[in-house]
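Working notes for the structure below.
Right, here's the structure in full:
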């Protein structure tokens with residue numbers, strides 16, 4: 001009985017992990033760089049990175 005419960009819990013955890021990964025994955029390949037640039041812009045706007053660092057990282061993102 002205990003092993004059955006462990007198997008059910010493990011399956012539930014695997015399902016949740018799969019669903020979370022799918023939700024975090026970009027819907028299209030083109031959306032990924034745009035999302036990255038938006039995140040970088042947010043960091044810049046909150047003064048966590050400098051404007052020059054933002055431009056450098058944005059260039060790296062758009063090259064790939």
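Residue numbers (the UniProt record's numbering): 1 to 64.
A virtual CB, placed ideally from N, CA and C, is assigned to each residue, including glycine.
Residue i - DSSP class collapsed to helix/strand/coil
| i | result |
| --- | --- |
| residue 52 | helix |
| residue 47 | coil |
Backbone CA spacing between residue i and residue j [nearest angstrom]
| i | j | result |
| --- | --- | --- |
| residue 45 | residue 32 | 20 Å |
| residue 58 | residue 13 | 36 Å |
| residue 39 | residue 52 | 15 Å |
| residue 6 | residue 54 | 47 Å |
| residue 50 | residue 56 | 10 Å |
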